[in-house]
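Each protein sequence line maps, in turn, to chains A and B.
Position one of the first sequence corresponds to residue 647 (this note's numbering), numbered consecutively onward.
Position one of the second sequence corresponds to residue 6 (this note's numbering), numbered consecutively onward.
Positions of the beta carbon are idealized from the N, C-alpha and C atoms, including for glycine.
Note that this is a predicted model, so its numbers are computed, not measured.
Below is one structure; the comments refer to it alone.
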Amino acid sequence: MKYLDEFHDPELAASQFEEIERIVTRPWALMEVCGGQTHSIVRNGIDQLLPEQVRLIHGPGCPVCVTPLETIDKALAIAARDDVIFCSFGDMLRVPGSHHDLFQIRSNGGDVRVVYSPLDAVRIAADNPDKQVVFFGIGFETTAPANAMTVVEAKRRGLTNFSMLVSHVLVPPAIAAIASSPDTQVNAYLAAGHVNTVMGTAEYEPLVERFKVPIVVTGFEPLDVLEGIRRALLQLEQGRAEVENAYPRAVKAGGNPAAKAVLGEVFEVCDRAWRGIGVIPASGWRLSEAYRDFDAEHRFEVTDLTVEESPLCRSGEVLQGLIKPNECEQFGITCTPRKPLGATMVSSEGACAAYYQYRRLALQEEVRA
Amino acid sequence: MCLGVPGRIDAIRDEQGTPMASVDFGGIRKDVCLAYLPEAEVGDYTLVHVGFAITRIDEASALETLELIRSIGNLAEELGEEPADLAGDAAAGGGGS
């Protein structure tokens, strides 16, 4: 398909690997922020084909993974109500809460529906005026415009039975949190290209100034990922730290102005807890005052939650790039995509799921050897 | 979650005040909301995320990136590094397409 096949060309990839080999003179660690890029890297074996001196650290860019346990438990409590139709992206259904997940709510009679587009949830609300329809609005800046449009549409259509449980997260504060950590090993960041299609690149300039690290806006196909890696390494070897756009066919410096205008109206910045990481200041969006009536947390009183994380799950360390998924003792044994201990094993962007899907057989052989 | 799929806009229509498009993803057609890409035209390639077009794919930039990557292969060849390995492989990759 156009704009996919060209960026999978194995011969061009081979010349990119050779160029990277030529550039690198000493050890560097790069973090790919986005879980979609992690999957592209692990699926294509990019990390295994790079020179030994180049290490890729998988970042926290998986919204499903970082949605706080308390919010998952709230979602479960709301979804279990008789008067509610609970709508969500499919990835969320198997994410473990303290005691169960959305699949179990559904098998116990709850009306839980998977939607492809958030607008489907608005249509469900219009078709079911006697029910409360709640949409689980999660995601990074890429998904935020779509989710914002649901409340704009609900307001425009005068739907009083629609609300959104919001757990939006933002990339730049997460990079700042990782870069300010005294233990950080990351020398440069591959920014999540689709976030930048919406937000543009200006927000990354202050980060580069403050932390003196290259940030390269990177796409998702194998050649895109390799181009991001090459440019980051070139900057490091030349002692530069700049914002660079290696994904110009999709990312403009100003982002998407129409989307940014709606985001500014619908959301306001708030502190946000990231599952496995903790609270990062000013790292989330919640509904603004003008749309507060559509906030499910205001509509449904959910109290008395006792949040209980699995004592065995090490997804927090995985999300911070401190360990690789297979370094967790539970990986592939007590923790699998069918029976996950943590969200990183569930999501199509979770690092544990990527390693399980593409690496577990090789990893088992390594253990045996 | 942040997956974006490129597709070609086949038709544009107005649905109760919201601009919508029919987008062709290599043979599969889906309805896509154009609220964030009001300037889009039939024939444009767009990146679609959860039912919304979030950006137009710029053909000139796509070709430029590919050209740049190709030129890297040629450059390595010109620098004469690892000539034995590169002679066959990189020349085919760089000049063949």
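With respect to the 7 Å criterion, A/F782 and A/M845 are not classified as neighbours on the basis of their beta carbons. At a cut-off of 7 Å between beta carbons, A/S934 makes no contact with chain B. Ranked by Cα distance from A/I784, the first of A/A771, A/P775, A/M810, A/G682 is A/M810. Residues of the segment 16-41 of chain B that bring their beta carbon within less than 9 Å of a beta carbon in chain A comprise Q21, G22, T23, F30, G31, G32, K35, D36, V37, C38, A40, Y41, in sequence order. With the rule of 3 Cβ pairs closer than 8 Å, the segment 33-44 of chain B does not count as touching the segment 996-1008 of chain A.
Taken through DSSP and simplified to helix, strand or coil, A/Y1004 comes out as helix. Setting aside the 5 residues that flank it on each side, A/E665 is surrounded in the same chain by R876, each with a C-beta closer than 8 Å to its C-beta; the list follows chain order. Taking a C-beta distance under 7 Å as the contact criterion, A/P818 and A/E849 qualify as a contact pair.
Judged by pairs of C-beta atoms under 8 Å, the segment 889-909 of chain A does not touch the segment 683-700 of chain A, as fewer than three such pairs exist. In this structure, A/H746 lies away from A/G930, with their beta-carbon atoms at least 7 Å apart. For B/I14, no CB of chain A lies under 7 Å from its own CB, so it is not counted at the interface with that chain.
Beta-carbon to beta-carbon, B/T51 and B/I62 are separated by about 6 Å, close enough to satisfy the 8 Å threshold. Judged by beta-carbon spacing, A/C974 lies within the 7 Å limit of A/R960, meaning their Cβ atoms are closer than that value.
By DSSP's assignment, A/A919 forms a beta bridge with A/V925. Neighbours of A/E698 in chain B, taken as residues whose beta carbon is under 7 Å from its own, are absent, since the nearest beta carbon is some 17 Å off.
Counted as a single uninterrupted DSSP element, the stretch harbouring A/D757 is not any alpha helix (DSSP H) but the beta strand (DSSP E) occupying residues 757-760.
Within the same chain, Cβ atoms closer than 6 Å to the Cβ of A/F732 are found at A725, V758, V780, the five residues on either side in sequence being excluded.
Looking at the backbone, the Cα of A/I669 and that of A/G988 are separated by about 38 Å.
In the same chain as B/I59, and ignoring 5 residues on each side of it, the C-beta atoms closer than 7 Å to its own belong to G9, Y41, L52, in chain order. Around the beta carbon of A/K648, fewer than 16 other beta carbons lie within 10 angstroms, which makes this residue exposed. DSSP, read as helix, strand or coil, puts A/G785 in strand. The beta-carbon distance between A/L748 and A/A772, rounded to whole angstroms, is 23 Å. This is too long to meet the 8 Å contact definition. Against chain B, a Cβ distance below 7 Å from A/R895 picks out I62, D63, S66, A67, T70. Chain-order list of chain A residues neighbouring B/G78: E657, L658, A660, S661, Q662, E664, E665, by C-beta distance under 9 Å. The segment 853-865 of chain A and the segment 888-904 of chain A touch, with three or more beta-carbon pairs separated by less than 8 Å. Annotation: A/D693 is outside any beta strand (DSSP E); the continuous alpha helix (DSSP H) that includes it extends over 692-695.
For the segment 676-691 of chain A, the beta-carbon criterion of a distance under 8 Å to any beta-carbon of chain B is satisfied by C680, G681, G682.
A straight line joining the alpha-carbon of A/A820 with that of A/Y835 spans about 11 Å. One thing to note: A/A887 has its Cβ within 7 Å of the Cβ of A/V859. In this structure, A/E799 and A/V768 form a Cβ contact; the two beta carbons are roughly 5 Å apart against a cut-off of 8 Å. Shortest Cα-Cα distance from A/S753 to any of A/I692, A/L722, A/C981, A/L958 involves A/L722.
Sorting A/E667, A/L872, A/V688, A/C981 by C-alpha distance to the C-alpha of A/Y1004 places A/V688 at the top. Exclusion of the five residues before and after A/I969 leaves R960, E963 as the residues of its chain whose Cβ lies within less than 8 Å of its Cβ. For the segment 46-62 of chain B, the beta-carbon criterion of a distance under 8 Å to any beta-carbon of chain A is satisfied by Y50, L52, H54, V55, G56, F57, I59, T60, I62.
Listed in chain order, the beta strand (DSSP E) elements of length 3 or more contained wholly in the segment 39-81 of chain B are 50-54, 57-61. Within its own chain, the residues whose Cβ lies closer than 7 Å to the Cβ of A/E851, once the five positions on either side in sequence are excluded, are V889, listed in chain order.
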